[in-house]
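Enquirer: Numbering of the sequence shown is given in my numbering, commencing with residue 274 and proceeding in unit increments.
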Amino acid sequence: MVRLALSTPLDVRLLDRGLSVGEALAAFNAAHEAAGGVVSFLGKVRPDGDVLALELSHYEPLTLPGMEGLAEEARTRFSLDGALVWHRVGVMTPGEAIVLVATAARHRRDAFDAAQYLMDHLKSAAWLWKREKRADGWHWIEPRDIDHTDLARWN
Numbered sequence: 274m275v276r277l278a279l280s281t282p283l284d285v286r287l288l289d290r291g292l293s294v295g296e297a298l299a300a301f302n303a304a305h306e307a308a309g310g311v312v313s314f315l316g317k318v319r320p321d322g323d324v325l326a327l328e329l330s331h332y333e334p335l336t337l338p339g340m341e342g343l344a345e346e347a348r349t350r351f352s353l354d355g356a357l358v359w360h361r362v363g364v365m366t367p368g369e370a371i372v373l374v375a376t377a378a379r380h381r382r383d384a385f386d387a388a389q390y391l392m393d394h395l396k397s398a399a400w401l402w403k404r405e406k407r408a409d410g411w412h413w414i415e416p417r418d419i420d421h422t423d424l425a426r427w428n
């Protein structure tokens with residue numbers, strides 16, 4: 274049984290605490306019964322090296338509207354039935370969820386492409402700043418060259 278109900282085709286949220294992946298995906302799937310394909314991606318804090326925490330900060334007046342605009346672009350470009358884009362902000366530890374993206378479309382290729390499109394934009398051209406805490410303190414994280422390459426393929 275689904276406890277969470279989604280009422281709009283695009284569900285975009287900024288969260289300052291954990292997210293229930295199973296509940297979110299069950300609600301998303303229930304909201305898009307006519308979709309032929311539902312694709313999801315969960316991004317987590319990697320336990321690389323000596324990473325103790327990851328902090329995401331943002332500029333509130335731009336972040337949520339920007340993410341909503343991105344979801345609308347994906348919906349139009351890939352003929353989506355719907356999209357879910359939930360992103361955490363604040364401090365997280367290794368293993369915790371950072372981002373959950375789900376897409377629903379009549380055809381699987383559109384759902385897969387839209388999920389990649391959303392993640393490529395969130396990873397490289399988002400309104401979020403990331404830094405890692407290691408034993409020697411906090412370090413800002415910049416997108417890698419491959420992240421920019423991934424983003425450029427959508428132009």
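Beta carbons: idealized from backbone N, C-alpha and C, even for Gly.
What does the alpha-carbon distance come out to for the pair Trp411 and Val374?
Expert: Going from the Cα of Trp411 to the Cα of Val374 covers about 27 Å.
Enquirer: Note down, one range per segment and in chain order, each alpha helix (DSSP H) of at least 4 residues found wholly within the stretch 321–354.
Expert: Within the stretch 321–354, the complete alpha helix (DSSP H) runs of at least 4 residues are 333–350.
Enquirer: Can you give me the C-alpha to C-alpha distance between Glu333 and Leu287, rounded to a whole angstrom?
Expert: Glu333 and Leu287: Cα-Cα distance of roughly 9 Å.
Enquirer: Which same chain residues end up closer than 6 Å to Leu329 when comparing Cβ atoms and leaving out the 5 residues on each side of it in sequence?
Expert: Result list for Leu329: Val362, Leu401 and Lys403, in chain order.
Enquirer: With H, G and I counted as helix, E and B as strand and the rest as coil, what does DSSP make of Ser280?
Expert: Of the three classes helix, strand and coil, the one that applies to Ser280 here is coil, per DSSP.
Enquirer: From which residue to which residue does the beta strand (DSSP E) around His430 run?
Expert: This structure does not reach residue 430, given that the chain is present from 274 up to 428, and the question cannot be answered.
Enquirer: What residue does the beta strand (DSSP E) around Leu300 start on, and which one ends it?
Expert: Residue 300 is actually Ala in this sequence, not Leu. Unbroken run through Ala300 is the alpha helix (DSSP H), Val294 to Ala304; no beta strand (DSSP E).
Enquirer: Could you give the DSSP three-state label for Arg382: helix, strand or coil?
Expert: The answer is helix: DSSP assigns Arg382 an H, G or I state.
Enquirer: Compute the beta-carbon to beta-carbon distance between Leu315 and Ala370, rounded to the nearest angstrom, for a pair I have assumed lies under 8 Å.
Expert: Their Cβ separation, rounded to whole angstroms, is 6 Å, which keeps Leu315 and Ala370 in contact under 8 Å.
Enquirer: I'd like the list of long-range same chain contacts for Leu327, defined as Cβ closer than 6 Å, with 5 residues on each side in sequence excluded.
Expert: Closer than 6 Å at Cβ, skipping near neighbours: Val318, Met365 and Glu405.
Enquirer: Could you check which residue in Glu346, Lys396, Ala299 and Gly291 has the C-alpha nearest to that of Asp418?
Expert: If we check each option's Cα against that of Asp418, Lys396 comes out closest.
Enquirer: Please name the residue or residues paired with Trp359 in a DSSP beta bridge.
Expert: Arg286 and Leu373.
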